[in-house]
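For the sequence shown, UniProt numbering gives the first residue as 1, with consecutive numbering after it.
Step one of this worksheet: look at the structure below.
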Amino acid sequence: MQAIHSSSQKLIYIYEYLDKYCYNDSLYYVLIESFRMSRKCQLTGKKANNGFAVSHSHRRTKKLQEVNLQWKRIWWAEGNRWIKLRLSTKAIKTLEKKGLHLMAKEAGINLNKL
């Protein structure tokens, strides 16, 4: 068996395995969904909101309001290196005001592990 290092290599390996051995489409979908990263801001914890799409006739259908998440490389001065985080746009604006160290401390994140 080959060594798998990055997350993209893991996903490729999983896709190949499922294509070869999985014949049930619903099981395939469940397995793929379980390997996706959650859509959640790493600093603020913001996540999707359940709401309603209201039509002109006032019929309501359920709708998921996703967070505007962006991958952002941030320079961490104390660690003297770049850190890549998945942040909401609101968190990016707050980050510019407060700074990375203070926001990570408030969120309880150890930047050394990232």
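All C-beta atoms, glycine included, are put in the ideal place defined by N, C-alpha and C.
Cutting at 8 Å between CB atoms, please list the residues of its own chain near residue i, excluding the five before and the five after it.
i: W82; result: R73, I74, W75 and W76
i: G45; result: A107
i: S55; result: T61
i: L114; result: I83, K84 and L85
What does the alpha-carbon distance come out to for the pair residue i and residue j?
i: A104; j: A91; result: 11 Å
i: F52; j: N80; result: 45 Å
i: I109; j: G99; result: 14 Å
i: N49; j: L87; result: 16 Å
i: E16; j: Q65; result: 32 Å
i: H101; j: A107; result: 10 Å
With distances taken from CA atoms, which of the options is nearest residue i?
i: S38; options: K93, L111 and L85; result: L85
i: W71; options: N110, K98 and C41; result: C41
i: T94; options: L111, L43, Q65 and S55; result: L43
i: K47; options: L114, T89 and L102; result: T89
Just reading off the alpha helix (DSSP H) that residue i is part of, what are its end residues?
i: T94; result: T89 to K98
Whose C-beta lies closer than 7 Å to the C-beta of residue i among residues of the same chain, with five residues either side of it excluded?
i: K63; result: G51, F52 and A53
i: L111; result: W76, G79, I83 and A104
For the beta strand (DSSP E) holding residue i, just list the boundary residues, first then last.
i: A48; result: Taken as a continuous stretch (DSSP letters only), A48 belongs to no beta strand (DSSP E), as it is neither H nor E.
i: I109; result: Segment: none, I109 is in no beta strand (DSSP E) and carries neither H nor E.
i: L69; result: L69 to W76
Step through the CB atoms of chain C and report whether any lies within less than 8 Å of the CB of residue i.
i: K113; result: Looking for chain C here will not work: only one protein chain is present.
Should the stretch 72-86 be regarded as contacting the stretch 53-64, the criterion being three or more beta carbon pairs within less than 8 Å? no
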